[in-house]
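Numbering (the working numbering), first residue to last: 13 to 172. Just below is one structure, and these are the notes that go with it.
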């Protein structure tokens, strides 16, 4: 696992954050965190790239600058996650994003007390402009925040 602080140049990060945290960035309701059958909580997502195609008009503005810093051969998926504030921490189920070999790069847009937990109790808190890169076969789960209205991150699934 690799944790990279200040992953993007300050100006580039500021532009990405301003766009994603604005009132014009579109978010889509998901009735489950892991899948639609997991109804322990809900979230909002924005899929930039999936199934070998661009799904968002924000792809060039947000995803390309980040991909330019990452080292990979194929982008499998790029999806933003938006968790809403809870009065208590909601701990979601452990999962892997895909069964086939891949790498996950998880990029935090804002700082809050939410985190990603990895099997074995390692926790990486959401800190703006922090990138966490780990093997896709590592079981992980999200834990909601209680201090900020939103927890926003971008999940990249990459093939090396």
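Using N, Cα and C, we set each Cβ at its ideal position, and we do this for glycine too. Owing to the predicted nature of the structure, the values given are computational and were not obtained by experimental measurement.
- In the DSSP assignment, residue 131 is bridged to no other residue.
- From the listed residues 96, 136, 18 and 158, the smallest Cα separation to residue 45 is found for 96.
- When secondary structure is reduced to three states using DSSP, residue 82 falls in the coil class, being assigned neither helix nor strand.
- Straight through space, the alpha carbons of residue 88 and residue 168 are spaced by roughly 8 Å.
- Where residue 14 is concerned, the enclosing beta strand (DSSP E) starts and stops at 14 to 16.
- Taking C-alpha positions only, residue 41 is separated from residue 125 by approximately 22 Å.
- The Cβ atoms of residue 171 and residue 114 lie closer than 7 Å to each other.
- The beta carbon of residue 62 is closer than 6 Å to those of 89 in its chain, skipping five residues each way along the sequence.
- The DSSP assignment places 143 to 147 and 152 to 155 as complete runs of the beta strand (DSSP E) inside the region 135 to 168, in order along the chain (cut-off: 3 residues).
- At the C-beta level, residue 158 and residue 83 stay beyond 7 Å of one another.
- Take the alpha-carbon of residue 30 and the one of residue 111: they are about 34 Å apart.
- Counting only the Cα atoms, residue 109 lies some 7 Å from residue 148.
- Taking the Cβ atoms as the reference, residue 166 lies roughly 5 Å from residue 92, within the contact range of under 8 Å.
- According to the DSSP assignment, residue 116 belongs to the beta strand (DSSP E) that extends over 115 to 120.
- When the alpha-carbon of residue 153 is set against those of 59, 105, 77 and 25, the nearest one is in 105.
- Per the DSSP secondary-structure output, residue 65 pairs in a beta bridge with 62.
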